[in-house]
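Engineer:
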Amino acid sequence: MSAPTITFNGTIPQQYDDYLGPFLFEPYALDLADRIDYAPVTNVLELACGTGRLTNLLLERLPSSAQLTATDLNPDMMAVARKRTLAPNVTWAVVDISAIPYEDNQFDLIASQFGFMFVPDKLKALTEIHRVLAPGGKLIFNTWGAIQDNTAWAIVNKVLHAFLGGNPVPQHLGPFSMADAQVVLQALTEAGFHHVNATSVKKTGLAETAAIAAQGFIQGLPFATAIQEKDPSLLPKIQAAVEQEFSAQLGNHPLRTPLHALVFEASK
Numbered sequence: 001m002s003a004p005t006i007t008f009n010g011t012i013p014q015q016y017d018d019y020l021g022p023f024l025f026e027p028y029a030l031d032l033a034d035r036i037d038y039a040p041v042t043n044v045l046e047l048a049c050g051t052g053r054l055t056n057l058l059l060e061r062l063p064s065s066a067q068l069t070a071t072d073l074n075p076d077m078m079a080v081a082r083k084r085t086l087a088p089n090v091t092w093a094v095v096d097i098s099a100i101p102y103e104d105n106q107f108d109l110i111a112s113q114f115g116f117m118f119v120p121d122k123l124k125a126l127t128e129i130h131r132v133l134a135p136g137g138k139l140i141f142n143t144w145g146a147i148q149d150n151t152a153w154a155i156v157n158k159v160l161h162a163f164l165g166g167n168p169v170p171q172h173l174g175p176f177s178m179a180d181a182q183v184v185l186q187a188l189t190e191a192g193f194h195h196v197n198a199t200s201v202k203k204t205g206l207a208e209t210a211a212i213a214a215q216g217f218i219q220g221l222p223f224a225t226a227i228q229e230k231d232p233s234l235l236p237k238i239q240a241a242v243e244q245e246f247s248a249q250l251g252n253h254p255l256r257t258p259l260h261a262l263v264f265e266a267s268k
């Protein structure tokens with residue numbers, strides 16, 4: 001099976017935000033936002049802002065004089081994010097994390113939620129981030145921990161293998177490609193960062209129903225594009241199978257699933 005490009009476009013971003021946002025991403029956006037010391041911050045860069053859940057929380061907490069540049073590689077994701085806020089101190093830009101189009105030493109805080117895992121050359125991206133971060137500036141981001149600690153993800157992976165013979169998303173670019181904290185800490189050090197640390201954060205994902213969670217996973221992620229390209233008739237079948245497994249293993253009305261992420265912090 002050929003590996004698809006990892007893109008969040010078309011109907012995927014709105015499904016991602018509506019069905020996965022409250023379930024998977026809002027709890028960890030709150031966790032990241034609450035870890036930041038906003039008092040000294042004047043110029044912030046958010047990378048891979050997605051549909052803007054962390055963006056909104058940053059804007060609520062930043063001093064009114066601070067400026068936030070929110071960026072993503074996928075314009076359709078940012079289109080959803082831009083509907084969330086009319087804040088005057090945010091600008092939006094399409095940015096590739098591996099080639100950041102800003103001057104050296106420009107930002108005193110760089111933040112990102114669940115975005116770095118999809119970057120092909122992670123060390124190059126971290127080196128670029130180090131370049132645009134001001135001396136003394138802080139970097140904070142999160143990634144998913146091991147898939148076996150994220151039961152809903154593991155169920156989806158098993159169903160995809162059953163229907164497709166494998167996961168259509170290449171694993172070196174997948175959600176769990178930065179699940180080894182020691183590897184990420186070493187990359188941060190190689191990129192020039194200091195005071196690097198990782199924190200394990202476990203939460204419980206809560207979805208109103210198994211059907212809502214299944215729709216989010218299958219139609220709100222790049223799985224949808226890969227399945228459509230292979231055989232569109234498989235999409236409802238895979239979604240129904242995921243819903244059935246979710247209901248059997250995680251419950252329904254509501255669905256509860258363990259979640260595990262890693263938070264990385266570093267300084268320049």
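Numbered per full-length UniProt numbering, the sequence shown finishes at 268, counting up by one with no gaps. Virtual Cβ for every residue (Gly too), placed ideally from N, Cα, C. Note that this is a predicted model, so its numbers are computed, not measured.
Identify every residue that forms a DSSP beta bridge with W153.
Structural biologist: None, per the DSSP bridge assignment.
Engineer: Straight-line CA distance for Q228 to S64?
Structural biologist: Going by the C-alpha atoms only, they are around 44 Å apart.
Engineer: Whole-angstrom Cβ separation of L250 and R256, contact assumed at under 8 Å?
Structural biologist: Contact flag correct, Cβ pair sits at about 6 Å.
Engineer: Does the separation of the CB atoms of G10 and D76 fall below 8 Å?
Structural biologist: Yes.
Engineer: Does the stretch 75-89 come within contact of the stretch 53-60, defined as at least 3 CB pairs closer than 8 Å?
Structural biologist: Flag = yes, the stretch 75-89 and the stretch 53-60 touch.
Engineer: Straight-line CA distance for A181 to D231?
Structural biologist: Their Cα atoms are separated by approximately 37 Å.
Engineer: Decide if the stretch 108-124 is in contact with the stretch 135-151; the criterion is three or more beta carbon pairs, one per stretch, under 8 Å apart.
Structural biologist: Touching, per the Cβ criterion.
Engineer: Use the C-beta contact count for Q15: other C-beta atoms within 10 angstroms, 16 or more gives buried, fewer gives exposed.
Structural biologist: Flag for Q15 reads buried.
Engineer: Kindly indicate the opening and closing residues of the beta strand (DSSP E) around N252.
Structural biologist: Segment: none, N252 is in no beta strand (DSSP E) and carries neither H nor E.
Engineer: With H, G and I counted as helix, E and B as strand and the rest as coil, what does DSSP make of N167?
Structural biologist: In the structure shown, N167 sits in coil (DSSP, three-state: anything other than H, G, I, E or B).
Engineer: Three-state secondary structure (DSSP) at N56?
Structural biologist: Reduced to three states, the DSSP call for N56 is helix.
Engineer: Tell me T91's beta-bridge partners as DSSP assigns them.
Structural biologist: According to DSSP, T91 bridges with T69.
Engineer: Given 8 Å as the limit, is there contact between the stretch 204-218 and the stretch 238-249, that is, 3 or more CB pairs closer than that?
Structural biologist: Yes, the stretch 204-218 touches the stretch 238-249.
Engineer: Pull up the distance between the alpha-carbon of P13 and that of T151, whole angstroms please.
Structural biologist: Going by the C-alpha atoms only, they are around 23 Å apart.
Engineer: Considering only their Cβ atoms, is the gap separating A187 from E123 smaller than 8 Å?
Structural biologist: Position check: residue 123 holds Leu in this sequence, whereas Glu was assumed. For L123 and A187, yes; Cβs fall inside 8 Å.
Engineer: Quick one: Cα of residue 271 to Cα of N167, how far?
Structural biologist: As displayed, the chain neither begins before 1 nor continues past 268, which places residue 271 out of reach and without an answer.
Engineer: Confirm, please, whether the CB-CB distance from P258 to D149 is below 8 Å.
Structural biologist: Contact: yes.
Engineer: Name the two residues that bound the continuous alpha helix (DSSP H) containing F223.
Structural biologist: Here the alpha helix (DSSP H) through F223 covers 223-230.
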